[in-house]
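In what follows, a single structure is set out as structure tokens and then discussed.
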Amino acid sequence: MRPFTEVLLLALLSSALSPLTGLNPARAEAPADPPPDFAACLGTLKTLAQERGVPAPVAETALSGIAPDPAVVPATQSQAEFVKPVWQYIEASVTPERIATGQAKLAEWSEVLGRIESAYGVDRHILVAFWGVESNYGAALEGSGIRPVVPALATLACGDPARPGLWRDELVAALKILADGDADAARMRGSWAGAMGHTQFMPTAFLRHAVDFDGDGRRDIWHSVPDALASTANFLKQSGWRAGEGWGLEVLLPETFDYRLADETTERSFAEWQRLGLKPANGSFPERAERRAALLLPTGAKGPAFLLEPNFRVILRYNTALAYALTVAHLSDRLRGAPGFTRDWPREDRMLTTEERTDLQTRLAALGHPAGGADGKIGPKTRAAIRAFQEAQGLVPDGYADAALLDRVRAADKPAAP
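Residue numbers (this note's numbering): 10 to 427.
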């Protein structure tokens, strides 16, 4: 749930994946009166909202008398797409039931999806995959984890010391939505992070990208499937979606492959990748061999490999978690009838905890391989640092972070005996 610029902290509402699943609504009951420090913070938020153009009556009505939601701040530490093994995350959402339901939705909404494709140039299978991952095609919108957005965002703005500015921005955007009349307080319900509707827009993303596709005068991503899907298509188009191109595909690598080339950032044409010995796991490469893609190995040399086209980066702008983006991409393929992955995941490997990933990054930097900070998230910079360490140690430089690698790094980072 971490977009690069716009959809910050999209919360997944799928019953299988959502960090809300384990929350007990009974425990989230608000006290009758907010604590003094929260009340003071609310006063500051009202002033800020008015300074940013929210009418005073709207800010006053929305923020008066609310109490902090005790469930939301702890939820910031339990986002599934960053803590589950990638295969568990994908398989929790790309199920036979989710595929079958998605294919039924494709048929049910075929006419609307056709008009959305014509208007925005975004493939219907990708749109329905987002819908399936974000809210299980709307089924999760009435779940126990759904809560009023304004109190949740106010709680985060006042209680999350890591990102108060982000939450203030989202809260002000939510108040502007109320002021614009696209939703009222009763309708504006969402995740613990304020993500709303069928495809889980954060309020700032709603203001930038939501559209009234059904023509009723309201941008209703909560109850109008056409509005929700068209808004998602508009977001993707504005984020650089390339019409007529896919997200990428699974590939098979030759036995002699140089794993230093799998840096997930260097793009080569499909023709170049083919000359390096890569083959599509299913189907064929795009007809236009000059199209470019980068190679990604989410679990190193032992798991599936993917060539990622520019549209994959657009999926990551919706949510920067790699597991999330692969889930949407794979579900879209399965909805169009493609088979599952050819290579299995290294299920016997133990994945690292957040604390262990942070330790790995710290130790890599100490060994002269800067990982771009120690935030506990394995991204391109950390994988590049891992490859550098692996190459120095005579290991396969595939950038894969697991328990065995951490043991090697810890051993290398031990001070020399006196």
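Just so you know, even glycine gets a beta-carbon here, dropped at the ideal spot from N, CA and C. Owing to the predicted nature of the structure, the values given are computational and were not obtained by experimental measurement.
| Item | Value |
| --- | --- |
| Contact the segment 397-417 vs the segment 259-274: 3+ CB pairs below 8 Å | yes |
| Inter-residue Cα distance where the pair is A109 and L344 | 8 Å |
| Beta-carbon gap between D300 and E254 smaller than 8 Å | It should be noted that the sequence gives Arg, not Asp, for residue 300. The answer is yes: Cβ separation under 8 Å. |
| 7 Å Cβ shell around E318 - same chain, five flanking residues per side excluded | E254, G255, W256, G257, R300, A302 |
| Close Cβ partners of R417 (< 6 Å) along its chain, the five nearest in sequence each way excluded | none |
| Proximity of A383 and Q399 at Cβ, strictly below 8 Å | no |
| Which of helix, strand or coil DSSP assigns to S293 | coil |
| K114 classed as buried or exposed, judged by whether at least 16 other C-beta atoms fall within 10 angstroms | buried |
| Limits of the beta strand (DSSP E) - the one that L305 falls within | 301-305 |
| Buried/exposed call for K288, threshold 16 Cβ in 10 Å | exposed |
| Nearest candidate by alpha-carbon position, reference S70, set L335, L285, A298, K185 | Here residue 70 is Thr; the residue named in the question, Ser, does not match the sequence. Closest option to T70, Cα to Cα, is K185. |
| Other residues of its chain near G190: CB distance less than 8 Å, five sequence neighbours each side excluded | R227 |
| Backbone CA spacing between G123 and F139 [nearest angstrom] | 16 Å |
| As assigned by DSSP and simplified to three states, the class of E318 | coil |
| Within-8 Å CB hit, T104 to chain B | Given the protein chain composition of this structure (a single chain), no chain B is represented. |
| C-beta contact flag for V181 and L57 at 8 Å | yes |
| Meets three-Cβ-pair contact criterion under 8 Å: the segment 273-290 and the segment 208-228 | no |
| Through-space distance from E264 to L29, alpha-carbon basis | Any reading at L29 needs caution, since the residue's pLDDT is 27, under 50, leaving its predicted position unreliable; the model's value is listed next. Their backbone Cα atoms lie some 43 Å apart in a straight line. |
| Reference P307; option with closest CA among V67, T213, Q97 | Q97 |
| Extent of the continuous beta strand (DSSP E) run through V260 | 257-261 |
| CB contact flag (P234, G199, <8 Å) | In the sequence under discussion, the amino acid at residue 234 is Val, which differs from the Pro named in the question. Not a contact, by the Cβ cut-off of 8 Å. |
| Residue environment, L248, which counts as buried when at least 16 other CB atoms sit within 10 Å | One point to set straight first is that residue 248 is Ser, not Leu, in the sequence displayed. So S248 ends up on the buried side. |
| Straight-line gap, T241 to H218 (C-alpha atoms, nearest Å) | 8 Å |
| Distance, D193 Cα to A8 Cα | Residue 8 lies beyond the residue range present for the chain, which begins at 10 and ends at 427; the question has no answer from this structure. |
| C-beta atoms of F350 and P389 nearer than 8 Å | no |
| Proximity winner among T391, Y327, E281, L305, relative to R372 (alpha-carbon distances) | T391 |
| Of the listed residues E365, G292, L165, V67, nearest to T85 (C-alpha basis) | L165 |
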